[in-house]
Structure formats: structure tokens, C-alpha cells
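Note that the protein sequences, when read in sequence, are chains A and B. Our numbering runs 3 ahead of the 1-based position in the first sequence. Our numbering runs 3 ahead of the 1-based position in the second sequence. Ideal placement from N, C-alpha and C gives every residue a C-beta, glycine not left out. All values reported here derive from a predicted model rather than from experimental measurement. A quick write-up on the structure given underneath.
There are 2 protein chains.
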Amino acid sequence: MKTYLECIPCFINQAFRAAKTATDDDNKIKIILDKAGAMISTIPMEQTPPETGADIYKLISDVTGDNDPYYSIKQKNITHALSLYAGLKKRVENSNDPLLTAIRLAIAGNVIDLGIDRQFDIEKDIENTLIADFAEFDYDSFKTRLDQAESILYIGDNSGEGVFDRILIEQLNKPVVFATREIPVINDITVIEAEQIGITKIAKVISSGSKAPGTILKKCSRDFVGIFERSDMVISKGQGNYESLSDSKRDIFFMLKAKCSVIAKHLNVNVGDIIFKHHKGTEI
Amino acid sequence: MKTYLECIPCFINQAFRAAKTATDDDNKIKIILDKAGAMISTIPMEQTPPETGADIYKLISDVTGDNDPYYSIKQKNITHALSLYAGLKKRVENSNDPLLTAIRLAIAGNVIDLGIDRQFDIEKDIENTLIADFAEFDYDSFKTRLDQAESILYIGDNSGEGVFDRILIEQLNKPVVFATREIPVINDITVIEAEQIGITKIAKVISSGSKAPGTILKKCSRDFVGIFERSDMVISKGQGNYESLSDSKRDIFFMLKAKCSVIAKHLNVNVGDIIFKHHKGTEI
Chain A
4 MKTYLECIPC
14 FINQAFRAAK
24 TATDDDNKIK
34 IILDKAGAMI
44 STIPMEQTPP
54 ETGADIYKLI
64 SDVTGDNDPY
74 YSIKQKNITH
84 ALSLYAGLKK
94 RVENSNDPLL
104 TAIRLAIAGN
114 VIDLGIDRQF
124 DIEKDIENTL
134 IADFAEFDYD
144 SFKTRLDQAE
154 SILYIGDNSG
164 EGVFDRILIE
174 QLNKPVVFAT
184 REIPVINDIT
194 VIEAEQIGIT
204 KIAKVISSGS
214 KAPGTILKKC
224 SRDFVGIFER
234 SDMVISKGQG
244 NYESLSDSKR
254 DIFFMLKAKC
264 SVIAKHLNVN
274 VGDIIFKHHK
284 GTEI
Chain B
4 MKTYLECIPC
14 FINQAFRAAK
24 TATDDDNKIK
34 IILDKAGAMI
44 STIPMEQTPP
54 ETGADIYKLI
64 SDVTGDNDPY
74 YSIKQKNITH
84 ALSLYAGLKK
94 RVENSNDPLL
104 TAIRLAIAGN
114 VIDLGIDRQF
124 DIEKDIENTL
134 IADFAEFDYD
144 SFKTRLDQAE
154 SILYIGDNSG
164 EGVFDRILIE
174 QLNKPVVFAT
184 REIPVINDIT
194 VIEAEQIGIT
204 KIAKVISSGS
214 KAPGTILKKC
224 SRDFVGIFER
234 SDMVISKGQG
244 NYESLSDSKR
254 DIFFMLKAKC
264 SVIAKHLNVN
274 VGDIIFKHHK
284 GTEI
């Protein structure tokens, strides 16, 4: 997905929110805004939004010296999500369709996104997502592929969301590689949080090598790209991964909540809709 | 009031919204975003936000050739407000305190602001504002000054809001000079809209000379500044006028709705609060 004009004010808003979270020093925040403003004219509009996101969050790290401004908020989100884990596991087990319930929960977890300027209420969002209509719903082809798959790559998104991903991965009951970002960017999951959440107990956890809030293949590690290409099935969580993989030639199952108007327009859905989309690559 | 860091992303958001309204040409919108981004580092933070606002809206006019992007929306707002005029006049006349009801309506009209990224529903806002608690309420001193005043300067703000200002001016029952902006900026009122609304029938209408969405005295006409200094009483409507006159040495009655967090913080009120504030200048 390319960068849309709407993304540009959003980059500045994100830079400001992250800068305020990283520092109380108004001079540093102003420097970040100055530099982010000057960056606008240099953004190649054909590149995906997470590529610019990477530059924005690197700028914040460079100016403030804080390479993980959302650390304490991430920890709060993870602790909160972990406190829900046992109850949600029971709901999955007791439901008519445990796999679908786990998928719904994994999408519900996608609201824990600090890159978006919206408040979220995870408990409320879980209840809504458990009954919401899907704007895209490719469950049948998912089940067919899942039956046949012997290797699954699951690309994680936000940190707290990882708890919900864990529930889905447990339900898949297949060998899974779970990929995280290489470094903290927004509140995205890294290997450290995947360990903390216990994903390492149920999947092979690797870094994708990505320093962006998405999966930009040309900047990912060779190991990750190999797994991406060879896995029988790829599950991609969230907006940033969708933005960077929506033009991929390979078959991917995207699970996300459409949290901004640009994504909603690109998917031809409404903001707030939940998406479970089988992206049919050209390689099959 | 100085420019706060929060104002900077807001300038970019405003530039984008106004650019999209002025043109469908994505290249021109991108040029506006590039230039607005580059402007960030040049903004003197000690200057008031409307001074930068003037530069932003001039940029849009320069790049698109459209010096009044909100023209048709303004016309729609004015037509809508005029359709409410007779009914609102009756409500004022039938109320226990017609002057106060007219003041409440004049503040309700202040929601018709296209510089702010919020939807508004004028009918609903009228009903809310007629019963809302004031966060600042200097009605007694207003009545005392009004009794004694023989000349009143009333500084208008948005175009559709002018219909509500007309109702209040009629209720003041004193000689009023109504000041507008010199040129269209956001959806602010100019002499043309004041005529259209019929304010010319009940007050002397003048341009303040301001090309900014506020009243920056050093850039206003000499005539206006003379009237500002010599009038027995000054009524200032809305945020832009508050932002540019809050440090004035003269006595001013501010009437506005706090529509953003920066204004709310500056006034020590909550976003959405209604304000009727006697700013006591140093000259008295």
C-alpha cells in the first residue's frame, strides 16, 4: 500500500504524541516537530506508510535518547491483557467454534495500538469483536489451508495484542513461527515481549529484522524472508503489516481492525470494521 | 496567548483540511503539506496562533488560487443559521432574561468553526448551550458596563455565527460597531457576510483589517485600532479573537466555547465549556 496524503498529518500527529511520551523537554519536542515537518517533502509517496513510520520513530529516539518511549504503557497493556488470559481461554474452549472465537479475540487485541489517536477499552472491544460482523470473512479458505499446513508464519503486531495472538496460536495446533519487530517501534512487539507473554513456550519466536512498524520485506532479515516465502501459510496481524504486505505476491491471511480512514478506504470497508481477509498472491 | 507545541500538529491538520476543500489536485495538496511542514521550524512560538494561521491560509490561497475555500460551506451555514433566526428571536423575547439568552445563543453560534476538526450540530448545540453551566460567568459586570456604555465594539468570528451575533446586538440596544476580517480566512466573517446576514441594518460594520483568523492589533487598520481603544466596551467572540487579544491591556468581554485543549488549558476550563469572561485590562 502506498502512502496517501491523509498519512502526512498523521505522521506529524504521531511524532508529536510519541515525542511528548518520550520527553518533557519542550525544546526537544520542538526539534522533533521541526525535523518531522521538514521530512514531509522528502517522503516518497509510493513507499508504504510504515517505512516513513520507521524514520519518524528513529528521529524521536535520536533527539530524546529514548528508544522505547512507550515502554511503560506497553508493560501496562501486557499486564492487563495477561490478567484476561485465563478467562478468555475458557471462553474459547466453551464456545461453539473455538477456532473462530480465538480469531475474533486475536483481532480484538489489535485495538491496543498507540500509533492511532483513539482511546480504546479492551474489555469493551473484546465483547464487541466477539459478535461483530466481519467486513471480510475468508474463514472457509483459512480452515482448508490450516488443515493442510505443516508450517505457519504468524507476524505479530502490537505488544499487548500478543496475549491474544497466543490464544489463537494455541488453537491453531500446528508448528508456528511467530515474528516480531527487531527493535521497539510505537508499541509493537519485540522478542522480549513475546517471551514475557509466553509465546516462546508455544511457538518459535524470531525477529523479522524490521525496524519499522510493519514488515518491509526488503529491509527484513534474510532468515525471515526465507521463512516468509517457504511457510505453508502466513498470518499477518494488524494495520502496519497490512500496509507493508498488501502488495505481496504470496498468499497471506490478514487479520486486523480498520483503525483509520486510509486503511478503510484501501480495503473498501468502514473505520472500525474487522477484517479476516485471504489475500491471494500470484505465486499459487 | 503564545503558540503551544500542541498548535503545531493542528496547523498541519488545518492546512490539509483546507487544502482538500480548496482543490482536488493531489500535487497541489502535497505542495501545501511540504511548505506547511517546512514552515514549522520558522514559527515564532511567542507569536499568537492566528498569526501562523494567516500564513497557512495564505499558502493555500497562493498554491490553489482559491482565496475562499470554505465559500460554499459558509453559505450553507449562513442559510441554515438564518432559517433559525425568527424562532430564536422568539425564544429570546419569551425568556426570563432575554439578554442572557441572547448571550447564550451568541456563544452557541461559536461552534460553527471549520478550523476545528470536530463535527457540530447547531440545533443540538443551541439546546445544550441554553442550559449549560458557564465555566466563567461575568454577567454582573457585563450588565453594569453595558448600562454605562455609549459605544460598543463587537468583534465577530465565524460567518454563520454572525446570525447569532445579530440577535445579541439587537438585544444590547446600544450603538454597536461590528468588526469583521479583511479577507476570507477559514470560515470567518467578512463585511460581505455581515451584510448578507443583515448586521449592517443594526450596527456599523467595518473590517478590522485583519487577514488572520483573529485580531492581531499590530496588523489591523489604524481606524479599527482607534475604535478598539476608544469604545466604552469591547465584546470579542470566539477562539481566534481570544488567542490574539488575551494579553491586551484593555478591558474586554470574551464570549466563546473552548473548542481545543490548548484554549481550555489556557483558560483553566474543560474542552467544550462555555466562557463569558471579563478580561480586566490594565488601562482602567
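Requested in this report: On a CA-only basis, which of T218/A, G229/A, M236/A is nearest T147/A? Give me that one, please.
Outcome: M236/A
With a CB to CB cut of under 6 Å and the five nearest residues on each side skipped, what residues in its chain are close to A111/B?
Shown here for A111/B: same chain residues with a beta carbon closer than 6 Å to its own, the five before and five after excluded, namely D128, I129, T132 in chain order.
With 8 Å as the threshold, decide whether the Cβ of F19/A is near any Cβ in chain B. yes
Neighbourhood of L62/B by C-beta distance below 8 Å, restricted to the same chain and skipping five residues each side = A18, I35, K38, A39, M42
Using the DSSP secondary-structure output, state which residues sit across from D191/B in a beta bridge. Beta bridge pairing from DSSP links D191/B with N161/B.
- Is it right to say R225/A is buried, meaning 16 or more other beta carbons lie within 10 angstroms of its own, or is it exposed? exposed
query: By how many angstroms is the C-alpha of P12/A removed from the C-alpha of S213/B?
result: Using only the alpha carbons, I get a separation of about 27 Å.
Margin query: Helix, strand or coil for A206/B? Go by DSSP, reduced to three states.
Written below: coil
Quick one: which residues of the segment 21-40 of chain B get their C-beta closer than 7 Å to a C-beta of chain A? List them in chain order. D29, I32, K33, L36, D37, G40
Query raised in the report: From this set, Y157/B, C263/B, N190/B, which residue's C-alpha is nearest F257/B's C-alpha?
Result: Y157/B
- Message: Using a Cβ-Cβ distance cut-off of 8 Å, determine whether P12/A contacts chain B.
- Response: yes
Inset, instruction - Establish whether the CB of S249/A and some CB of chain B are separated by less than 8 Å. - result: no
message: Short of 8 Å Cβ to Cβ, which residues in the segment 39-56 of chain A face chain B?
response: A39, G40, A41, M42, I43, S44, M48
- Would you say N131/A faces chain B, with C-beta separation under 8 Å as the test? no
>> So that I know if they touch, is there some Cβ in chain B lying closer than 8 Å to that of I59/A?
In response: no
| query | Who are V237/A's beta bridge partners in DSSP? | reply | Under DSSP, the beta-bridge partners assigned to V237/A are L156/A.
Cβ closer than 7 Å: which chain B residues qualify as neighbours of N16/A? P12
Check your understanding: Do A105/B and Q174/B have their CB atoms nearer than 8 Å?
Key -> yes
Just tell me which of V179/B, A267/B, E246/B has its CA closest to the CA of F231/B.
V179/B
Nearest residue (CA-CA) to Y7/A, options V188/A, Q50/A, P72/A
Q50/A
Practice task
Please report how far the alpha carbon of I32/B lies from the alpha carbon of K23/B, in whole angstroms.
Solution key: 7 Å
inquiry  = Does any residue of chain A have a CB that is nearer than 8 Å to the CB of L8/B?
reply    = yes
Between S144/B and the rest of its own chain, which residues show a CB-CB distance below 7 Å, the 5 nearest in sequence each way excluded?
-> H281
Practice prompt. Tell me whether N113/A is buried or exposed, calling it buried when 16 or more other Cβ atoms sit within 10 Å of its Cβ.
Written response: buried
### Task
Check each candidate in S75/B, T45/B, L171/B, H83/B and name the one with the smallest Cα separation from V95/B.
L171/B
**Report entry** Sequence-distant residues of the same chain with beta carbon closer than 8 Å to I186/B, five excluded per side
**Finding:** N70, T193, K214
E139/A, DSSP secondary structure in three states
Three-state result, E139/A: strand.
V166/A at chain E interface by Cβ criterion, 8 Å = Of the protein chains in this structure, namely A and B, none is chain E.
* Kindly indicate the opening and closing residues of the alpha helix (DSSP H) around L292/A. => Look at the range of chain A in this structure, 4 to 287, and you will see that residue 292/A is not part of it.
Next on the checklist: Quick check: the Cα distance between K93/B and K177/B, rounded to an integer number of angstroms?
Outcome noted: 20 Å
N- and C-terminal bounds of the alpha helix (DSSP H) containing V265/B = Annotation for V265/B: the continuous alpha helix (DSSP H) segment containing it runs 264-270.
C-beta contact flag for I200/A and L85/A at 8 Å: yes
query = Between G163/A, G229/A, S249/A, which lies nearest to K283/A when the distance is taken from Cα to Cα?
reply = S249/A
Output the boundary residues of the alpha helix (DSSP H) element that contains K23/A. Annotation: the continuous alpha helix (DSSP H) that includes K23/A extends over 10-25.
Practice problem: Compare the beta carbon distance of I278/B and E139/B with 8 Å and say whether it is the shorter of the two. | Solution: For I278/B and E139/B, yes; Cβs fall inside 8 Å.
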